[in-house]
Amino acid sequence: MKKHSYLFFIIFTHFAFAQIQTKGTFKTEIIQKKELNYALYVPKEVKENKPLIVFLHGSGEKGTDIEKVKVHGPFKYLKNNSIDAYVLAPQCPENEYWNSEVLYHLILKIQKENKIDSHRIYLTGLSMGAWGAWNLAFAHPEMFAALVPIAGFVDRIPMIENCKLKDIPIQIFHGLLDDVVDVNYSISIYKKLQKCNSNIQLTIFDDANHDSWTRVYDASEIYEWMLKQKIK
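Just so we're aligned, residue 571 is where the sequence shown starts under the working numbering, counting upward by one.
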């Protein structure tokens, strides 16, 4: 009698476990409120639509003091020079990182409120800003006529699906001696993009550490190159 009861228990429990299945549907809505300070340079004469250069700063310029975004990059260049384009420099809040969708909607706002040529929007950034620029260009490749990342880390997804950027002219800059962001990130993405993008260039400065951006942003050549690019 005990033997039969034991066998019944084994068979019953096996059947019970084998039949456990679940199905379901989950829906949720997540609403986030984000706020970004920004500086906007407006060209002297705006009789017609003008290009827009979007500049993303590095981690050292986070915060609420908007003057920090003018320490490096296009705004520093604008202290002694002029650019025939709008220049937008958002500021990343402290303890946060660049959010591609927040940046995208900021650019749409700036477009709506100013006379901007939608075929001539350029994206550039240094260090954390270069990382943000790669991600933003990857998320919205249709928006940008040129991309200039300097000394930037590259996330895994852009590395894998890099050919989403096949139609964007790109100039990459990095310092060979960079001990903050390994130069191999720029080398790797360059080699991958070469397979599908014929308008790409990598410049490695043999004598530069992490700051490989000053010599780029302080000269007129990079702005002249960007302003020649246009979405067809």
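Think of the CB as a built atom: it goes at the ideal place given N, C-alpha and C, for glycine as much as any other residue.
The beta strand (DSSP E) with Leu693 in it runs from where to where?
As a position in the sequence shown, residue 693 is number 123, starting the count at 1. From DSSP, the beta strand (DSSP E) with Leu693 extends over Ile686 to Leu696.
What would DSSP say about Phe708, mapped onto helix, strand or coil?
Residue numbering aside, residue 708 sits at position 138 when the sequence shown is read from its first letter. Helix, per DSSP.
If distances are taken between C-alpha atoms only, which option among Val624, Gly633 and Glu605 comes closest to Val612?
Here the question's residue 612 lines up with position 42 in the sequence shown. The shortest C-alpha separation from Val612 is found at Val624.
Report all residues from its chain with a CB closer than 6 Å to the CB of Val751; omit the five preceding and five following residues, and keep chain order.
On the sequence shown, position 181 is the one that residue 751 refers to. Excluding residues within five positions, the ones whose Cβ falls inside 6 Å are Ala721 and Phe723.
Across which residues does DSSP place Ile653 in a beta bridge pair?
For this step, residue 653 is matched to residue 83 along the sequence shown. Beta-bridge pairing links Ile653 to no other residue.
Per-residue burial, Lys572 [other beta carbons within 10 Å of its own, 16 or more giving buried]
Position 2 of the sequence shown, counted from the start, is the residue given in the question as residue 572. Residue confidence for Lys572 is low, a pLDDT of 49 falling below 50, so the modelled location carries little weight and cannot support an answer.
Of the residues Tyr692, Tyr667 and Asn665, the one placed nearest Ile677, counting alpha carbons only:
To locate residue 677, count along the sequence shown from 1; it is residue 107. Comparing Cα positions, the closest option is Tyr692.
What does DSSP give as the partner residue(s) for His744 in the beta ladder?
Translated into the one-based positions of the sequence shown, residue 744 becomes position 174. In DSSP, His744 forms a bridge with Ile774.
Which one of Lys614, Glu664 and Leu622 has the shortest CA to CA distance from Ile636?
In the sequence shown, counting from the first residue as 1, residue 636 sits at position 66. Among Lys614, Glu664 and Leu622, the Cα nearest to that of Ile636 belongs to Glu664.
Any contact between the stretch 735 to 744 and the stretch 753 to 766? By contact I mean 3 or more CB pairs, one from each, below 8 Å.
yes
Is it buried or exposed, Tyr667, if we count other Cβ atoms within 10 angstroms and call 16 or more buried?
Numbered from 1 along the sequence shown, position 97 holds the residue referred to as residue 667. Answer is exposed; the Cβ neighbour count stays below 16.
Tell me the start and end of each unbroken beta strand (DSSP E) in the stretch 603 to 683 that is at least 3 residues and wholly inside, in chain order.
607 to 611, 620 to 626 and 656 to 661
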